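Each residue of the sequence shown is one higher than the one before, counting from 4 in this note's numbering. Here a beta-carbon is modelled for each residue, glycine too, at the ideal position from N, C-alpha and C. Fair warning: this is a prediction, and the values are worked out from it, not measured in the lab. A short worksheet on the structure shown next.
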Amino acid sequence: MASRSRVWGSCWWMMLGMHGKSGASSKQSTTMQKILVVVVILFVLFMIGRCSAEDAEHSQTAAPSVEATPSPSEAAPSDSEPSQTTQPAAPTASPTPSESAKPSQSAKPSKTAKPAKPAEPSKPTKPAKPSKPAKPSNNAAVVLETLQVKGRAPKTGYDRAGAFGRAWLDTDRNGCRTRDDILTRDLRNTTREGRCKVTSGVLNDPYSGRTINFERGPRTSQAVQIDHVVALSDAWQKGAQNLSQRERVLLANDPLNLLAVSGPLNQQKSDHDAASWLPPNKAYRCPMVARQIAVKSRYNLWVTQPEKDAMKRVLKSCPNQTIPVGGFDPKDAPVLPDSWVRD
Numbered sequence: 004m005a006s007r008s009r010v011w012g013s014c015w016w017m018m019l020g021m022h023g024k025s026g027a028s029s030k031q032s033t034t035m036q037k038i039l040v041v042v043v044i045l046f047v048l049f050m051i052g053r054c055s056a057e058d059a060e061h062s063q064t065a066a067p068s069v070e071a072t073p074s075p076s077e078a079a080p081s082d083s084e085p086s087q088t089t090q091p092a093a094p095t096a097s098p099t100p101s102e103s104a105k106p107s108q109s110a111k112p113s114k115t116a117k118p119a120k121p122a123e124p125s126k127p128t129k130p131a132k133p134s135k136p137a138k139p140s141n142n143a144a145v146v147l148e149t150l151q152v153k154g155r156a157p158k159t160g161y162d163r164a165g166a167f168g169r170a171w172l173d174t175d176r177n178g179c180r181t182r183d184d185i186l187t188r189d190l191r192n193t194t195r196e197g198r199c200k201v202t203s204g205v206l207n208d209p210y211s212g213r214t215i216n217f218e219r220g221p222r223t224s225q226a227v228q229i230d231h232v233v234a235l236s237d238a239w240q241k242g243a244q245n246l247s248q249r250e251r252v253l254l255a256n257d258p259l260n261l262l263a264v265s266g267p268l269n270q271q272k273s274d275h276d277a278a279s280w281l282p283p284n285k286a287y288r289c290p291m292v293a294r295q296i297a298v299k300s301r302y303n304l305w306v307t308q309p310e311k312d313a314m315k316r317v318l319k320s321c322p323n324q325t326i327p328v329g330g331f332d333p334k335d336a337p338v339l340p341d342s343w344v345r346d
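See the structure below:
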């Protein structure tokens, strides 16, 4: 700013001097005056341009511009005109000792990792144990579905003693007849003559639901009779003809197929199946049907379609009814004397 004032001052005084000279030579010719005026004007213009150039140079020196990083297109040299030389930036002030960063402490060397233990060889997998076959269901309705359904065979050739042996043999070889074994099992408060012969007792009759007092005698013994739950005549017409004599004798004396019951109801039942006779005691219908199913399953006897339908109707009221167990297994039954077997 001060330099510009000096330049303008110089130009002003020069103009005054030139004007004074022109005043002193006023007596000269007019032509000379015009020439001097032109010279003065040119000199003034020259000085003004010079002053402006010095101001511009001074402003560039006082405030250096911050140069932006040239883009790739600006950095490349042009073919038409040379690029301007970039002025070097002012040196960065060196940091004072207080500003110098303290040297970092040397990091402690990390511990060497222990080598991993080699993986133990996997133990050979034990072969899976073969699964045990599922136990046969003991649900009466399920077992019923395993029985063959066929029509009733003719009764031709049926003979109670000839086909099934004499009544009440000692098939379990315990020294007592089958009738006494069943009376001992089904009666309570029994009395005996000797080791086996039951002379009295009390029966809770499953067929009627009544209590019957039993006393052995010519006129009283028939009050309690031993019923074949699957009548032997019915069994004969539904597969027993295909059994061996030994198997039929076992069927006739198997405790699974025998019950102590009311004599009159046993006579009423006769050789009927579930399709034509059920006990008056409705509470025992499910157990009786389940017992018939168990016997027919054990000895491979079939059922007729009406018989199966009647059994299903009964079991519908007791879906959890199971078949009874016990009695003889034909495969493991005691060996019978030859006199009992007539093939």
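Hey, which unbroken runs of the alpha helix (DSSP H) at 4 residues or more fall wholly within the region 181-253? 181-189 and 235-240
Flag this pair as touching only if the region 221-231 and the region 153-160 have three or more C-beta atom pairs under 8 angstroms; answer yes or no. no
Looking at the structure shown, is asparagine 260 part of a helix, part of a strand, or coil, going by DSSP? Numbered from its first residue, the sequence shown carries residue 260 at position 257. Reduced to three states, the DSSP call for asparagine 260 is helix.
What residues match up with asparagine 142 in a beta bridge as DSSP calls it? For the purposes of this step, residue 142 is taken as residue 139 along the sequence shown, with counting starting at 1. Paired residue(s): Thr325.
From Val328, Asp332, Ala293 and Thr325, pick the residue whose C-alpha is nearest to that of methionine 314; which is it? Counted from its first residue, the sequence shown places residue 314 at position 311. Residue Ala293 is the option with its Cα nearest to methionine 314.
Assigned secondary structure, aspartate 320 (DSSP; H/G/I helix, E/B strand, else coil): Here residue 320 refers to the residue found at position 317 when the sequence shown is read from its first residue. Looking at the sequence shown, residue 320 is not aspartate but serine. Correct three-state label for serine 320: coil.
Report back the beta-carbon spacing between asparagine 269 and glycine 212 to the nearest angstrom; my notes put them in contact at under 8 angstroms. Taking the sequence shown and counting its residues from 1, one reaches residue 269 at position 266. Taking the sequence shown and counting its residues from 1, one reaches residue 212 at position 209. That belief does not hold up - the Cβ atoms of asparagine 269 and glycine 212 are roughly 15 angstroms apart, past 8 angstroms.
Tell me the rounded alpha-carbon separation between aspartate 175 and phenylalanine 331. Your numbering for residue 175 matches position 172 in the sequence shown. Your numbering for residue 331 matches position 328 in the sequence shown. The alpha-carbon atoms of aspartate 175 and phenylalanine 331 are separated by roughly 9 angstroms.
Take every Cβ of the region 165-185, pair it with every Cβ of the region 229-245, and state whether three or more of those distances are shorter than 8 angstroms. yes
Would valine 146 pass as a contact of serine 320 if the rule is Cβ separation under 8 angstroms? Position 143 of the sequence shown, counted from the start, is the residue given in the question as residue 146. Position 317 of the sequence shown, counted from the start, is the residue given in the question as residue 320. Going by beta carbons, valine 146 and serine 320 fall outside the 8 angstroms limit.
Helix, strand or coil at serine 265 [DSSP, three-state]: Numbered from 1 along the sequence shown, position 262 holds the residue referred to as residue 265. In this structure, serine 265 counts as strand in the three-state DSSP scheme.
On the CB-based measure, 16 or more other CB atoms within 10 Å of its CB, does asparagine 256 come out buried or exposed? By one-based count along the sequence shown, residue 256 stands at place 253. Result: buried.
Using 8 angstroms as the threshold, is the C-beta distance between leucine 172 and valine 252 below it? The count along the sequence shown starts at 1 and reaches residue 172 at position 169. The count along the sequence shown starts at 1 and reaches residue 252 at position 249. In this structure, leucine 172 places its C-beta atom within 8 angstroms of the C-beta atom of valine 252.
Along the chain, where does the alpha helix (DSSP H) containing cysteine 289 start, and where does it finish? Along the sequence shown, read from residue 1 onward, the residue named residue 289 stands at position 286. That run of the alpha helix (DSSP H) goes 288-301.
Smallest Cα separation from serine 263: which of Asp276, Trp305, Glu310 and Met291? As a position in the sequence shown, residue 263 is number 260, starting the count at 1. In the sequence on display, residue 263 carries alanine and not serine. Its Cα nearest to that of alanine 263, the residue Met291 stands out among Asp276, Trp305, Glu310 and Met291.
Assuming the contact rule is C-beta atoms closer than 8 angstroms, serine 265 and aspartate 208 should be a hit. Round their C-beta distance to whole Å, please. Along the sequence shown, read from residue 1 onward, the residue named residue 265 stands at position 262. Along the sequence shown, read from residue 1 onward, the residue named residue 208 stands at position 205. That belief holds up - the Cβ atoms of serine 265 and aspartate 208 are roughly 5 angstroms apart, short of 8 angstroms.
Which same chain residues end up closer than 7 angstroms to lysine 272 when comparing Cβ atoms and leaving out the 5 residues on each side of it in sequence? Reading the sequence shown from its first residue, position 269 is the one you call residue 272. Result list for lysine 272: Asp230 and Trp280, in chain order.
State yes or no: is the C-beta of valine 152 within less than 8 angstroms of the C-beta of glutamine 308? One-based indexing of the sequence shown puts residue 152 at position 149. One-based indexing of the sequence shown puts residue 308 at position 305. Yes, these two residues count as a Cβ contact at 8 angstroms.
Got a sec, what are the start and stop residues for the alpha helix (DSSP H) phenylalanine 167 sits in? What you label residue 167 is simply residue 164 of the sequence shown in a count that begins at 1. Phenylalanine 167 -> alpha helix (DSSP H) spans 163-167.
Residue from Ala166, Ala297, Gln295 and Cys289 with nearest C-alpha to asparagine 323: Taking the sequence shown and counting its residues from 1, one reaches residue 323 at position 320. Ranking the options by Cα distance to asparagine 323, first place goes to Cys289.
List the DSSP bridge partners of valine 152. As a working mapping, residue 152 is identified with position 149 in the sequence shown. Answer is Val306, bridged to valine 152.
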